[in-house]
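Participant: As given, the protein sequences belong to chains A and F, one line each in that order. If you read the first sequence in the working numbering, its first letter stands for residue 85, the second for the next number, and so on. If you read the second sequence in the working numbering, its first letter stands for residue 91, the second for the next number, and so on. Where a beta carbon is used, it is the ideal one built from N, C-alpha and C, also for glycine. Model, not experiment: these values are computed from the prediction. There's a structure below that I have some questions on.
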Amino acid sequence: MSWVGHYNYWVAIFLMMSGFYVVISRGNLIKKLIGLNVFSTSVFLLYISMGKVNGGTAPIYCEHIHPGQLFSNPVPHVLILTAIVVGVATTAVGLALTVRINERYGTIEEDEIRAKDDSL
Amino acid sequence: MNHLPILQVIIPLLAAPLCIVFGSRRLAWLIALVATWSSFAVSLLIAQQVMSVGALSYDIGGWPAPWGITYYIDYLNAFVLLIVSGMSALVLPYAFKSVAQEIDSATQPYFYSLLLVCLAGLLGITVTGDAFNMYVFLELSSLSSYALIGMGPRRRALTAAYQYLVMGTIGATFILIGIGLLYSLTGSLNIQDISYQLHANHIIGSGNRTLLTAFAFIIVGLSLKLALFPLHLWLPNAYSYAPSVVTIFLASTATKVAIYMLLRFCYSVVGSGSIFQLALGKIFLISSLAAIIIASVVAIFQYDIKRMLAYSSVAQIGYMTLGLSLSNLGGLSAGILHMFNHALMKGLLFMTMGAVSYSVGSVYLTDFRGLGRRMPFTMAAFVIGGLSLMGVPGTAGFVSKWMLVQAALERGWWDVVVLILIGSLLAVVYVWRVVETAYFNPLLELEEEEVGEAPLSLLIPMWLMVVANIYFGIDSSIPVNFAQRAAALLLGGM
Chain A
85 MSWVGHYNYW
95 VAIFLMMSGF
105 YVVISRGNLI
115 KKLIGLNVFS
125 TSVFLLYISM
135 GKVNGGTAPI
145 YCEHIHPGQL
155 FSNPVPHVLI
165 LTAIVVGVAT
175 TAVGLALTVR
185 INERYGTIEE
195 DEIRAKDDSL
Chain F
91 MNHLPILQVI
101 IPLLAAPLCI
111 VFGSRRLAWL
121 IALVATWSSF
131 AVSLLIAQQV
141 MSVGALSYDI
151 GGWPAPWGIT
161 YYIDYLNAFV
171 LLIVSGMSAL
181 VLPYAFKSVA
191 QEIDSATQPY
201 FYSLLLVCLA
211 GLLGITVTGD
221 AFNMYVFLEL
231 SSLSSYALIG
241 MGPRRRALTA
251 AYQYLVMGTI
261 GATFILIGIG
271 LLYSLTGSLN
281 IQDISYQLHA
291 NHIIGSGNRT
301 LLTAFAFIIV
311 GLSLKLALFP
321 LHLWLPNAYS
331 YAPSVVTIFL
341 ASTATKVAIY
351 MLLRFCYSVV
361 GSGSIFQLAL
371 GKIFLISSLA
381 AIIIASVVAI
391 FQYDIKRMLA
401 YSSVAQIGYM
411 TLGLSLSNLG
421 GLSAGILHMF
431 NHALMKGLLF
441 MTMGAVSYSV
451 GSVYLTDFRG
461 LGRRMPFTMA
471 AFVIGGLSLM
481 GVPGTAGFVS
491 KWMLVQAALE
501 RGWWDVVVLI
511 LIGSLLAVVY
521 VWRVVETAYF
531 NPLLELEEEE
541 VGEAPLSLLI
551 PMWLMVVANI
561 YFGIDSSIPV
571 NFAQRAAALL
581 LGGM
């Protein structure tokens, strides 16, 4: 029961591990960044699902709210908005570095870069 | 209301875009200089206030503690603030000539701007009392340091920065998961409030699995950031290929701030009496000792001297986490004091590397031949920094190692004491290689060329560091007092 009930955690763990695997196993710098993005997206989902309250609606206060109405917790959503911005910035810096690496080395494959460094 | 805590972050953060707006490299440098010096002044004022009236607390926007973001400064923060802003204030005068040589003039305003953003991030981590705010500042400083490292003169700087970006992001994401789990457990992001909720609801000590998971994520993430031994792989590359100024700045501040975060989460959130300390202490003990021995041995075999010092940094970080793992008053204050002393000595040593690379062009061991005669002031500074690194009495490095040995003896761990001393002996070996080459290996006459002493703007900050290394080795009462009070506060819980 609880295994199915926690399916949001399973989704997060699956995404996280597949992202992590891509970061470790791929030699292409762009693919590594994609993996890194999947990795951080899993945390976004973890946070967002954390804020959900069963039977809760959007936390907007107005006159039509009947007493006893439950609300979802907005704080994790707000937090993750910040984390998404950070993720975008990280991707931008990573891509900029990849462009520069391509300019200086002529390749974005890790083993080829290493071979060029060692040959010096 | 006392606005000093927020000024600490706001000054460098606002100065950063100004550097770019004017577009001139001289003006950018001047703005950065003024910003770092005024942050140093602010942190001195904060330290003075903390000493006289105790911990400072500042609610941003007037929102009170559990809801709004609170900046909270006690002895530990004030001490780390002094280290970070003090080092930045010393690095900036040094930066002008060194940066002018290593980075082309069009990108220099961006360089100073990034340096200020990084400083703002590091200071922000230190002043804030809010866990999520800490994560945001951590990413602010990390992102700017990836870009700064990538500006290094050689193309390997780019791959080093990329490697650091991947490992740093994984570390930061782990910290984010940990903070999220702590939030789901306590419903709070304020560090003091998290600690209060954990204790009041008896979550600590009940073997709560969410808490264990949260803590495991935070510890692994922070260990990546502070380059604890098996997770240090990004550090040697990043330090050896970054521009000289960036290496000086990051080596003396960034890892210290990560250790500060570790101390906060271990002691202020969970508390020293809790069950975590038992297992965590052992894990930290083993990896710290491994860092001290293995990284020092690896350092002996490096031919790039900047890289050698980077490995030595990994070893010195081992001393700091060793102090944490001893988890008694002596060990903890030795660890905190070593943060300060390591900033002094590694700042000094990397400054001499910057000067050598300024005059000679590179810092391979063979480039040091005859430098004892041709760059007497720089090499003399290197010798003093090296002595401090080994822990010779009369230098700053001695005081913290002495306290560390005493704390280990207090626990009766003779084997740890022996390993600390072996670590110091290994430092003698790797520093001696450079000293021997510089003073006793003359150049062949064929190779004799005009290499003069580094310019005064590099020598003056360097010798200020030399004076600091010797001064705090002889009269260490101020930092020791700070470190001991901070340690007592941490052990007492918040």
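Tell me, please, whether the CB atom of E229 (chain F) is closer than 8 Å to any CB atom in chain A?
Facilitator: Judged by the 8 Å Cβ criterion, E229 (chain F) is in contact with chain A.
Participant: Using Cβ-Cβ distances below 7 Å, what residues of the stretch 116 to 138 of chain A are close to chain F?
Facilitator: K116, L120, F123, S124, V127, L130, Y131, M134
Participant: Determine the burial state of A221 (chain F): buried for a count of at least 16 other Cβ atoms within 10 Å of its Cβ, exposed for fewer.
Facilitator: buried
Participant: Rounded to the nearest angstrom, what separates G542 (chain F) and K187 (chain F) at their Cα positions?
Facilitator: Roughly 15 Å between the two C-alpha positions.
Participant: Any beta-carbon of chain F closer than 8 Å to the one on I197 (chain A)?
Facilitator: yes
Participant: Going by Cα to Cα distance, which pick from F:P183, F:L477, F:K436, F:A573 is closest to G421 (chain F)?
Facilitator: Comparing C-alpha distances from G421 (chain F) to each of F:P183, F:L477, F:K436, F:A573 shows the shortest one belongs to F:A573.
Participant: DSSP state of S175 (chain F), grouped into three classes?
Facilitator: Of the three classes helix, strand and coil, the one that applies to S175 (chain F) here is helix, per DSSP.
Participant: I need the straight-line Cα distance from A578 (chain F) to S417 (chain F), nearest angstrom please.
Facilitator: 11 Å
Participant: Give, in chain order, every residue of the stretch 308 to 336 of chain F whose Cβ lies closer than 7 Å to some Cβ of chain A.
Facilitator: none
Participant: Using a Cβ cut-off of 7 Å, pull out every chain D residue sitting near R299 (chain F), in sequence order please.
Facilitator: Annotation note: the requested chain D is absent from the structure, which comprises protein chains A and F.
Participant: Who are the near neighbours of A445 (chain F) in its chain, counting only those whose CB is closer than 6 Å to its CB and skipping five residues on each side?
Facilitator: T468, A544, L548
Participant: Starting from the N-terminal side, write out each stretch of the alpha helix (DSSP H) that is 4 residues or longer and does not extend beyond the stretch 238 to 280 of chain F.
Facilitator: 246 to 276
Participant: With distances taken between CB atoms, is the gap from N327 (chain F) to Q253 (chain F) smaller than 8 Å?
Facilitator: The answer is yes: Cβ separation under 8 Å.
Participant: Using only alpha-carbon positions, find the residue among A:G139, A:D202, A:V159 that is nearest to G152 (chain A).
Facilitator: Proximity to G152 (chain A) across A:G139, A:D202, A:V159 peaks at A:G139, based on C-alpha coordinates.
Participant: For Y161 (chain F), which three-state DSSP category applies?
Facilitator: strand
Participant: At the level of alpha carbons, what is the spacing between V107 (chain A) and M134 (chain A)?
Facilitator: Distance between the alpha carbons of V107 (chain A) and M134 (chain A): 26 Å.
Participant: Nearest CA to the CA of G408 (chain F): which residue from F:N280, F:S478, F:M435, F:I510?
Facilitator: Comparing Cα positions, the closest option is F:I510.
Participant: Starting from the C-beta of L113 (chain A), find all residues in its chain whose C-beta is less than 6 Å away, skip the five residues before and the five after it, and write them out in chain order.
Facilitator: Only T182, I192 meet the Cβ criterion.
Participant: Report the rounded CA-to-CA distance for P483 (chain F) versus Y529 (chain F), giving the unit in angstroms.
Facilitator: 23 Å
Participant: Are the C-beta of T174 (chain A) and some C-beta of chain F separated by less than 8 Å?
Facilitator: yes
Participant: My parser needs the alpha helix (DSSP H) runs of 4 or more residues fully inside the stretch 512 to 574 of chain F; what are they?
Facilitator: 546 to 564
Participant: If you follow the alpha helix (DSSP H) that Y93 (chain A) is part of, which residue opens it and which one closes it?
Facilitator: 91 to 109
Participant: I'd like the ranges of any alpha helix (DSSP H) spanning at least 4 consecutive residues and lying wholly in the stretch 343 to 404 of chain F.
Facilitator: Look at the stretch 343 to 404 of chain F and you find these whole runs of alpha helix (DSSP H), each 4 residues long or longer: 366 to 380, 386 to 390.
Participant: Going by Cα to Cα distance, which pick from F:Y184, F:A247, F:P154, F:V207 is closest to R198 (chain A)?
Facilitator: F:A247
Participant: Which one of F:S478, F:A317, F:S377, F:K372 has the shortest CA to CA distance from V404 (chain F)?
Facilitator: Nearest C-alpha to V404 (chain F): F:A317.
Participant: Just grab the DSSP bridge partners of T182 (chain A) for me.
Facilitator: BP columns for T182 (chain A) are empty, so no partner.
Participant: Going by DSSP in three states, D220 (chain F) sits in which element: helix, strand or coil?
Facilitator: strand
Participant: For the stretch 231 to 251 of chain F, which residues have a beta carbon sitting closer than 7 Å to at least one beta carbon of chain A?
Facilitator: L233, Y236, A237, G240, R245, R246, L248, T249, A251
Participant: Starting from V585 (chain F), find everything on chain A with Cβ-Cβ shorter than 7 Å and list it in chain order.
Facilitator: Because chain F is modelled from 91 through 584, residue 585 (chain F) falls outside the range shown and cannot be assessed.
Participant: What separation, rounded to the nearest whole angstrom, lies between the Cα atoms of V388 (chain F) and S514 (chain F)?
Facilitator: 14 Å
Participant: Starting from the beta carbon of R110 (chain A), find every residue of chain F whose beta carbon is closer than 9 Å, and list them in chain order.
Facilitator: Chain order gives no chain F residues near R110 (chain A), where near means a beta carbon separation below 9 Å; the closest approach is about 11 Å.
Participant: When you compare only the Cα positions, how much space is there between A185 (chain F) and V335 (chain F)?
Facilitator: 6 Å
Participant: On the DSSP letters alone, give me the boundaries of the beta strand (DSSP E) that L146 (chain F) sits inside.
Facilitator: 146 to 149
Participant: For N431 (chain F), does the three-state DSSP call read helix, strand or coil?
Facilitator: helix
Participant: Residues bridged to N112 (chain A) by DSSP?
Facilitator: A:E193
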